[in-house]
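FYI, in my numbering the residues of the sequence shown are 1145 to 1709. Taking it in order: structure first as C-alpha cells, then the write-up.
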Amino acid sequence: MAYKLTILVVDDVAMNRQLLARLIGHLGHEVCMAVNGREAVDACRLAMPDIILMDVMMPEMDGFDATREIRQLPNKCWVPIIFVTAVHEREELLRAFEAGADDYLTKPLDITLLSAKIKVLGRIVEMQQHITRDTAALHMYYYKNEEEQLLAQHVLGQMTELNNATRNDIPYQIHPAVNFSGDVISVARTPTGKDHILLADSTGHGLAAAISCLPVVTAFRTMTARGFNIPAIVREINQKLHQVLPVGRFVAAVLAEIDYQESLVSIWNGGIPFASFVDEAGLPIRQFDSRHPPLGILSNDICETVLEHFRWTAPGHLIICSDGLTEATNAEGTPFGEARLLDAIAHSNKADIPRSVIKAVKHHLAGAESHDDLSLLAAPCIQHTLETAPREPVTPVHLNLADWEIKITFYAEQIREDACMPVLLGWLNQIGLTETQFGEVLLVLSELLNNALDHGLLGLDSHEKNVLDGFDKYIALRQTRLEQLQSGKIEVGMCSANSQNKRKLTLWLEDSGPGFNYADILNDEINSDGQQTFGRGIALVKTLCQKIEYVGKGNRVEVTVDLQD
C-alpha cells in the first residue's frame, strides 16, 4: 500500500457500516463512521477524511444535505464523496452530483468495483497531498524570496543613491521591467568642471542585472572625482567586469564627457544602440554609433578606449538610451524603433525630454508590458566659461604647512595612461587649500599641463583648429601621437612661501619637448569672428595668477598664485 487513507463511512444501517469497515481495513486504510448526515458533518468539522462513502436515505439529515454542508466547510484539499445508494433513477443520481458527489455505487455493493474505486481515489489523494506540500513549500519560498527582494531592493537603492547624487540640470528616466533595474544612469562632475555621464545596460534584467551594474557605478564616480579621464575609467570598469562576471554576462555602456568651456562632447560607446547630439529643435546633428564591444567581454589587452569627439556650434542635447526603449514592442509585435524615438524627441518638452519620450513609449505599448528596462538621458549642451561652470563640493584636508616644495616627474607611460592629473589632485587635496583656492589652482594646473603635453611633447599646433574639420583632425592627431609616445617627460613642481604675511603658491612645469611659440598662446586669444578657438584657458590663467612666465624655448612655465584667505 502506497498511501494510508482515512475513509469516513456514513450509513444509518449498522450492518452496512460494519461490512464497509471490514473491507476498508482489509485494504489497509483507517475507518471512521457516522450514523447519519449530521454526524458526518460534525466529524468533518473536527477532521476532514480523505474519502467519504455517503448513504443517501438517512434520518435527521440525508446524504444530499450532508454533502452540501461538507462542501461548504473550509478545506485546502479536495475530498472525493462517493454516494452508496439503492436508487437507480436518473433524476436522483443527477441530484446527487448537483449536491457535490463525485461518484456513486449502487446497492448491493460490488466489492471488487468498490476496491478498485478506492485504489484509484487513493492515488489521486496521494498526488493531491504531494501537490499540497509542494504548494506550501512554494508559498514559503515565495514569501521568503519577496522578503529578500525587498531587502535587496532597499540596499541596492541606497547604494545607487549614494553613488548617484541627483542632478536636476540633467534629466533622465529609468523604468525597470521588474523590481530591479539592469540599467543605470550616473552623472558626475570632474574636478575641472566637466561632466562625466554613464548609461549602462547589463545583460537581462532583474536582480542579477542590477548587481552587475554596481561595480560600474562605483568605479565611475570614484575615478571621476579623482580626475581620471574616460579612457582610464573604461579600462578600470572593463577589467573589474572581465574578472568577476561569468561567461555570457556583460554590460553595454556609454561613457561621455561634456566639456562646456570647449563646447566638446567626447564619447565611448560599447553596445548602446542610440547616442546622438540633437539641436534645440530636437533634430539629430551627430550620431555616435557603437564602435566597441560591451564592457566585460574582452581583456584590457585588447579593449580599445578610443573616443569619438563632437564640437557643437549651437546649443543642443546629448541623448542616450538603452536598447529596451527602441525595442519596446506592442501587442502587434511592432517595436518602438529609432524613427519613433527621433519623432518623440522632436515633439518633446525640451525642458524634460526623457519624460516626454517615455510617455510616447507607453502610448506605443498601449498597455502591453515592456520586457526590458527603459532608460533615457538628455544632457543639455550649452557653453559655460570656466568661471561659471558649476562644480561638486571639494573637501580638502586643511593643514597649517610652513614653507615647502614638492616635485614629481611623469614619464611617457604615465602620460599615455593619463595618470598625471589624478596624482596632482591628490597633492592639491593635501596642501590646505580652501574650496575656492582649490578650484582656481586646479584650473591653472590643468591648463598648464595640457599645454605642456599638446604643444611641448606632442608638437600640436592650435591654429589647425581654425580650418574646416580642423578640430576633428586635431583630436585625431593628438590621439595618434599620444598612443605613439615612447619617450619624453613632464616635471611638475609646487612650492609655498609666506612673504609679507601673504602666502604665495608657485607652480612650474617643464617638458622635454623642443618648445613652441608660446607667444601665440599668450596673445592670440580671439579669432576674427569673435569666437575663442584656443588660448581661452591661458587667458583665464592670466587672470588667476599674479605672474605667468614662459622660460627659454617655451618648454618651461612658471606661475605665482596669491592664496588669499
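No residue lacks a Cβ here, since even glycine has one placed at the ideal position from N, Cα and C. As the structure is a computational prediction, the values presented were derived from the model and not from experiment.
Exposed unless 16 or more other CB atoms sit within 10 angstroms - verdict on residue i
| i | result |
| --- | --- |
| Pro1658 | exposed |
| Thr1334 | buried |
| Leu1651 | buried |
| Cys1525 | buried |
| Phe1273 | One point to set straight first is that residue 1273 is Gln, not Phe, in the sequence displayed. Gln1273 should be labelled exposed. |
| Met1367 | buried |
| Asn1493 | exposed |
| Gly1570 | exposed |
| Asp1339 | buried |
| Val1154 | buried |
| Glu1531 | Caution applies to Glu1531, whose pLDDT of 44 falls short of 50 and renders its modelled position unreliable; the model cannot decide the point. |
| Glu1513 | exposed |
| His1507 | exposed |
| Ile1489 | buried |
| Tyr1404 | buried |
| His1453 | buried |
Selected residue, minimal CA-CA separation from residue i, among the options
| i | options | result |
| --- | --- | --- |
| Ser1631 | Lys1506, Gln1690, Thr1553 and Leu1351 | Thr1553 |
| Leu1149 | Asn1160, Arg1161, Leu1171 and Asp1246 | Leu1171 |
| Leu1342 | Tyr1287, Leu1399 and Leu1587 | Leu1399 |
| Asn1645 | Phe1227, Glu1236 and Gln1708 | Gln1708 |
| Lys1503 | Asp1467, Gln1317 and Gly1244 | Gln1317 |
| Cys1689 | Gly1698, Val1705, Val1695 and Ala1683 | Val1705 |
| Glu1204 | Leu1217, Gly1181 and Ile1196 | Gly1181 |
| Arg1215 | Arg1161, His1340 and Ala1245 | Ala1245 |
| Leu1257 | Lys1633, Pro1375, Glu1242 and Val1228 | Val1228 |
| Val1331 | Ala1281, Ile1402 and Ala1353 | Ile1402 |
| Ile1314 | Arg1234, Leu1408, Glu1291 and Ile1463 | Ile1463 |
| Glu1476 | Thr1449, Ile1575 and Leu1509 | Leu1509 |
| Ser1410 | Tyr1285, Asp1616 and Leu1294 | Asp1616 |
| Ala1376 | Phe1241, Tyr1248, Leu1451 and Leu1351 | Leu1451 |
| Glu1406 | Phe1432, Ile1416, Gly1337 and His1461 | Gly1337 |
| Ile1416 | Met1271, Ile1268, Leu1518 and Asn1699 | Leu1518 |
| Ile1275 | His1319, Glu1235, Cys1221 and Gln1574 | Cys1221 |
| Trp1456 | Leu1249, Ile1429, Cys1465 and Lys1691 | Ile1429 |
| Trp1412 | Tyr1286, Leu1469, Ala1354 and Ala1344 | Ala1344 |
| Val1223 | Arg1234, Cys1188 and Ala1556 | Cys1188 |
| Leu1684 | Leu1589, Cys1465 and Gly1460 | Leu1589 |
| Ala1785 | Met1202, Lys1633, Arg1277 and Ile1151 | Residue 1785 lies beyond the range of the chain shown here (1145 to 1709); nothing can be said about it. |
Neighbourhood of residue i by C-beta, 6 Å cutoff - its chain only, sequence neighbours within 5 removed
| i | result |
| --- | --- |
| Thr1711 | Because the chain is modelled from 1145 through 1709, residue 1711 falls outside the range shown and cannot be assessed. |
| Lys1251 | Ala1230 |
| Glu1549 | Cys1639 |
| Glu1213 | Val1185 |
| Leu1653 | Leu1592, Ala1596, Val1636 and Val1701 |
| Ile1225 | Ile1196, Met1198, Thr1211, Ala1245 and Asp1246 |
| Lys1691 | Thr1704 |
Reduced DSSP secondary structure (H/G/I, E/B, other) of residue i
| i | result |
| --- | --- |
| Met1638 | strand |
| Cys1465 | strand |
| Leu1282 | helix |
| Leu1486 | helix |
| Val1391 | coil |
| Val1505 | helix |
| Asn1413 | strand |
| Asp1598 | helix |
| Phe1554 | strand |
| His1453 | strand |
| Gly1576 | coil |
| Asp1186 | helix |
| Ile1559 | helix |
| Glu1536 | Note that Glu1536 scores 48 on pLDDT, short of 50, meaning its location in the model is unreliable; the coordinates nonetheless yield the value given after this. Residue state, collapsed to three classes: coil. |
| Ala1510 | coil |
Whole-number beta carbon distance between residue j and residue i, since they are thought to touch under 8 Å
| i | j | result |
| --- | --- | --- |
| Leu1521 | Val1501 | Actually they are not in contact, since the Cβ atoms of Leu1521 and Val1501 sit about 10 Å apart, beyond 8 Å. |
| Phe1394 | Ile1441 | 5 Å |
| Asp1516 | Ala1321 | 6 Å |
| Asp1655 | Gly1600 | 4 Å |
| Asp1206 | Val1200 | 6 Å |
Close-in-space but distant-in-sequence residues of the same chain around residue i (CB under 8 Å, 5 per side omitted)
| i | result |
| --- | --- |
| Arg1560 | Leu1626, Glu1627 and Leu1629 |
| Ala1458 | Asp1423 and Glu1424 |
| Pro1359 | Ile1381, Lys1384, Leu1385 and Val1388 |
| Gly1392 | Thr1347 |
Any chain C beta carbon closer than 8 Å to residue i
| i | result |
| --- | --- |
| Thr1470 | The structure shown contains no chain C; it holds only a single protein chain. |
Own chain, CB closer than 7 Å to residue i, minus 5 neighbours either side, in chain order
| i | result |
| --- | --- |
| Gly1414 | Ala1396, Ala1397, Ser1434, His1436, Pro1437, Pro1438 and Leu1439 |
| Gln1297 | Asn1323 and Phe1324 |
| Val1585 | Leu1572, Leu1577, Leu1649 and Val1705 |
| Gly1169 | Val1175 |
| Ala1158 | none |
| Pro1566 | Arg1370, Gly1371 and Phe1372 |
| Glu1448 | His1436 |
beta-carbon residue i near the ligand GTP non-hydrogen atom, thresh 7 Å
| i | result |
| --- | --- |
| Gln1644 | For the ligand GTP, the structure offers nothing, since it holds no ligand at all. |
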